[in-house]
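Q: A single structure is presented below for examination.
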Amino acid sequence: MAHFEKANSIGEWLDQRLAVETLKKVMQTEYWIPKNINFLWAMGMVLAATFGILLVSGIFLLMYYKPDTATAFDSVNYTIMTEVGYGWLWRHIHGVGASLVFLIIYIHMFTGIYYGSYKKGRELIWLSGMLLFVVFSAEAFSGYMLPWGQMSYWAGMVITNLFSGGSLEAYGLVEWIRGDYVPADAFLTRFFMLHVLLLPLVIIGVIVLHFGTLRIPHVNNQDGEEFDFEEAAELYKAGKVKESKVIPFSPVFLSKDVFVMGIYFILFFYLTFYHFQFAMDPVNFDPADGLKTPAHIYPEWYFLWSYEILRPFSKDLGLVAFAVAQVIFFALPFLDRSPNVAPASRRGLFKYWFWIMLVDMLVLTFMGKLPPQGIWNTIGLVAALTFFALWIALPIITKSEKKL
Amino acid sequence: MSNRRDFMGMALGGFTALGGVAALYAMKRSWDPLPSVKAAGFTTVDVSGAQENVLNVEKWRGKPIFVLKKSKDMKADDRDVIVGSDRFHVSIGLCTHLGCIPAYIPDDHKFLCACHGGEFDASGHEIFGPPPSPLEIPPFKVDGTTIVLGESGPEYKKMLDAGLTV
Chain X
1168 MAHFEKANSI
1178 GEWLDQRLAV
1188 ETLKKVMQTE
1198 YWIPKNINFL
1208 WAMGMVLAAT
1218 FGILLVSGIF
1228 LLMYYKPDTA
1238 TAFDSVNYTI
1248 MTEVGYGWLW
1258 RHIHGVGASL
1268 VFLIIYIHMF
1278 TGIYYGSYKK
1288 GRELIWLSGM
1298 LLFVVFSAEA
1308 FSGYMLPWGQ
1318 MSYWAGMVIT
1328 NLFSGGSLEA
1338 YGLVEWIRGD
1348 YVPADAFLTR
1358 FFMLHVLLLP
1368 LVIIGVIVLH
1378 FGTLRIPHVN
1388 NQDGEEFDFE
1398 EAAELYKAGK
1408 VKESKVIPFS
1418 PVFLSKDVFV
1428 MGIYFILFFY
1438 LTFYHFQFAM
1448 DPVNFDPADG
1458 LKTPAHIYPE
1468 WYFLWSYEIL
1478 RPFSKDLGLV
1488 AFAVAQVIFF
1498 ALPFLDRSPN
1508 VAPASRRGLF
1518 KYWFWIMLVD
1528 MLVLTFMGKL
1538 PPQGIWNTIG
1548 LVAALTFFAL
1558 WIALPIITKS
1568 EKKL
Chain L
304 MSNRRDFMGM
314 ALGGFTALGG
324 VAALYAMKRS
334 WDPLPSVKAA
344 GFTTVDVSGA
354 QENVLNVEKW
364 RGKPIFVLKK
374 SKDMKADDRD
384 VIVGSDRFHV
394 SIGLCTHLGC
404 IPAYIPDDHK
414 FLCACHGGEF
424 DASGHEIFGP
434 PPSPLEIPPF
444 KVDGTTIVLG
454 ESGPEYKKML
464 DAGLTV
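Here it is, written out as structure tokens:
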């Protein structure tokens, strides 16, 4: 039996049994954050908070939702929206949250790309973050199936058809994923399971991993400056707060995070209460009908760029392009051959690479929403080719980059 | 001592792997289409009342089936299904690109898919856009003035052998 002293407080009692003091130091009061950062460094905690809100609103939706092709549509559009007290609130929060979580993920990603926060010991942060992006995408797609409207059905049809692999004609695989020849009851119930259990579990696990990968290399700063965190921490602990380059994560940095979150949640709830329609496609208010395709099928805005990469090519080439586009961002830390960890503005050609990539993805996003006709097809094709040209150019231009 | 421990480790690892593979197989089988889904299956279409150049959409295994009676001025094709003296175009009404349902434009005698702009002629051949192959023909059997979907008749088998559909 281990030896225990009589505790004088609840805190001491817990500390003896759970080492809460050590835990608090490691994760909060002695987890050091550089001072030289800006509001973009708050996006991580903004994402964590949004995930929390999605979880809570999801729990309330789950109490009335019915995963059955005969009753799903009404359980959402009738029961939750008109009968359940404040049911509309949970649905609008859930829809707006799903959209905003991707907006912040993209900002978070491009912040990391701009400041070079995926390099020199920070590769795992980038990889686990990309993994989160992929799992969040699967979570968003599976959730989109649940109201069982026309867009749910046809998005399910088109996306599962991707797995036939074009000329490979792997229809057996597609039918296996669906559990039927077309998306039907078995399809809805299994995507329901994925959306409410398996994928959220995976997301929570990968979030823990993502935080873990951050602990040792620490977060980057606005200049990509490399410095001794131990030394800076000693200064801070010695009371020389001004001279030190760091602040503790909690409560000092977290209070700044909370301020940014405050601004963000004004936007969040403004959208939830006054502009929720943007996250509610009108076509999805028609019940699923396997014998009628909607005039235009397009995904939610956050998938449009990769959807547009699929569109302008022939079927096989389009599938290959689409598959490559989904995973190419994983390779970023290895395709960037430059030793410099610095903001893109100081990195010569990479500056142009960054801004062209950002603009190109915006162009792809807009073209993805427009019908596949005439000039839009051409612009889409050029933007898709530019996307791949940029990735081919990346190792070349970063290799020739001068060391700062 | 260490040998005994190694043996225990390998024995445990072996049985665990075996159980793991068995569990994976069970999981794979649980995702398979149910027997009731697979068995659900024959649709009989009576085409005696069909009008020329008017698309009729039937449902077979949850999928839309195009049945189009061709008029005399429409080009004959090896893929046509002949019932009595009439020629019919019969196909699974899902674009071979990614599975949207193309719309029929009677004036142009062609199918147009809104999703990615693919086009097919009235015999189901791809004529524009991303579709890589003609509209598929479902297994069928001609029985008097009806077409039975889901059953492979001699005409269907001939088309299959000739590579006119997959």
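Heads up: the protein sequence lines correspond to chains X and L, in order. To convert, count from 1 in the first sequence and add 1167; that's the working numbering. To convert, count from 1 in the second sequence and add 303; that's the working numbering. Positions of the beta carbon are idealized from the N, C-alpha and C atoms, including for glycine.
Going along chain X, which residues have a C-beta under 8 angstroms from L:Pro-435?
A: Gly-1333, Ser-1334, Ser-1481, Lys-1482, Asp-1483
Q: Using the C-alpha atoms, what's the distance from X:Ile-1200 back to X:Ser-1411?
A: Approximately 11 angstroms, taken between the alpha carbons.
Q: Under three-state DSSP, which class holds X:Phe-1308?
A: helix
Q: Closer than 8 angstroms by C-beta to X:Ser-1319: which residues in its own chain qualify, once you throw out the five before and the five after it? Chain order, please.
A: For X:Ser-1319, where only same-chain residues beyond five positions count, the Cβ hits under 8 angstroms are Tyr-1311, Met-1312, Leu-1313, Asn-1451, Ala-1455.
Q: Tell me whether L:Ile-368 sits in a helix, a strand or coil according to DSSP, three-state version.
A: strand
Q: Please classify L:Trp-334 as buried or exposed, where buried requires at least 16 other C-beta atoms within 10 Å of its C-beta.
A: exposed
Q: For L:His-392, report the span of its beta strand (DSSP E) as first-last.
A: 389 to 395
Q: Applying the criterion that 16 or more other CB atoms from any shown protein chain within 10 Å of the CB defines a buried residue, is X:Trp-1522 buried or exposed?
A: exposed
Q: Check distances from the C-beta atoms of the segment 360 to 377 of chain L to those of chain X and list, in chain order, the residues that come in under 7 angstroms.
A: Val-360, Lys-362, Arg-364, Gly-365, Lys-366, Pro-367
Q: Please report how far the alpha carbon of L:Trp-363 lies from the alpha carbon of L:Gly-453, in whole angstroms.
A: 8 angstroms
Q: Less than 8 angstroms between the beta carbons of X:Lys-1566 and X:Arg-1478, yes or no?
A: no
Q: Rounded to the nearest angstrom, how far is the Cβ of L:Pro-488 from that of X:Ala-1353, given a contact under 8 angstroms?
A: In this structure chain L extends from 304 to 469, so residue 488 of chain L is not present and cannot be described.
Q: Per DSSP, what kind of secondary structure is L:Ile-408 in: helix, strand or coil?
A: strand
Q: Name the chain L residues that come within less than 9 angstroms of X:Asp-1453, Cβ to Cβ?
A: In chain order: nothing, as chain L lies at least about 14 angstroms away.
Q: If we cut at 8 angstroms on Cβ distances, does L:Val-357 have a partner in chain X?
A: no
Q: Would you mind reading off the limits of the alpha helix (DSSP H) that contains X:Leu-1561?
A: 1541 to 1566
Q: For the segment 330 to 341 of chain L, which residues have a beta carbon sitting closer than 7 angstroms to at least one beta carbon of chain X?
A: Trp-334, Asp-335, Pro-336, Leu-337, Val-340
Q: Under 8 angstroms Cβ to Cβ from X:Phe-1303, same chain only, skipping five residues before and after it: list those, please.
A: Val-1268, Phe-1269, Ile-1272, Ile-1370
Q: Between the beta-carbon of X:Pro-1539 and the beta-carbon of L:Gly-396, is there less than 8 angstroms?
A: no
Q: Restricting to Cα atoms, I'd like to know which of X:Leu-1484, X:Thr-1460, X:Met-1212 is closest to X:Ser-1417.
A: X:Met-1212
Q: Could you pull out every unbroken alpha helix (DSSP H) segment of at least 4 residues lying fully inside the segment 1417 to 1488 of chain X, listed in chain order?
A: 1421 to 1441, 1471 to 1477
Q: Looking at the structure shown, is L:Phe-431 part of a helix, part of a strand, or coil, going by DSSP?
A: In the structure shown, L:Phe-431 sits in a strand (DSSP, three-state: E or B).
Q: Would a check of beta-carbon distances place L:Ile-430 closer than 8 angstroms to chain X?
A: Taking Cβ atoms only, chain X never reaches closer than 8 angstroms to L:Ile-430, which makes this a no.
Q: Could one say the Cβ of X:Ala-1462 lies closer than 8 angstroms to chain L's Cβ atoms, at least one of them?
A: yes
Q: Would you list the one or two residues that DSSP bridges to L:Asn-359?
A: L:Val-370
Q: Buried or exposed: where does X:Pro-1506 fall if 16 or more other Cβ atoms within 10 Å of its Cβ makes it buried?
A: exposed
Q: Per DSSP, X:Lys-1570 is paired with what?
A: X:Lys-1570 is not bridged to any residue.
Q: Beta carbon of L:Ile-430, beta carbon of L:Glu-422: below 8 angstroms?
A: yes
Q: Between which two residues does the alpha helix (DSSP H) harbouring L:Lys-460 extend?
A: 457 to 464
Q: Can you name, in chain order, every residue of its own chain whose Cβ lies under 6 angstroms from the Cβ of X:Val-1530, other than the five neighbours on each side?
A: Ala-1550
Q: State the DSSP-derived secondary structure class of X:Lys-1286, mapped to helix, strand or coil.
A: In the three-state DSSP reduction, X:Lys-1286 falls in the coil class, being neither helix nor strand.
Q: Which complete alpha helix (DSSP H) runs does the segment 1388 to 1419 of chain X hold, if anything under 4 residues is left out?
A: List check, alpha helix (DSSP H) in window: 1396 to 1404.
Q: Could you check whether the Cβ of X:Asp-1448 sits closer than 8 angstroms to any Cβ belonging to chain L?
A: no
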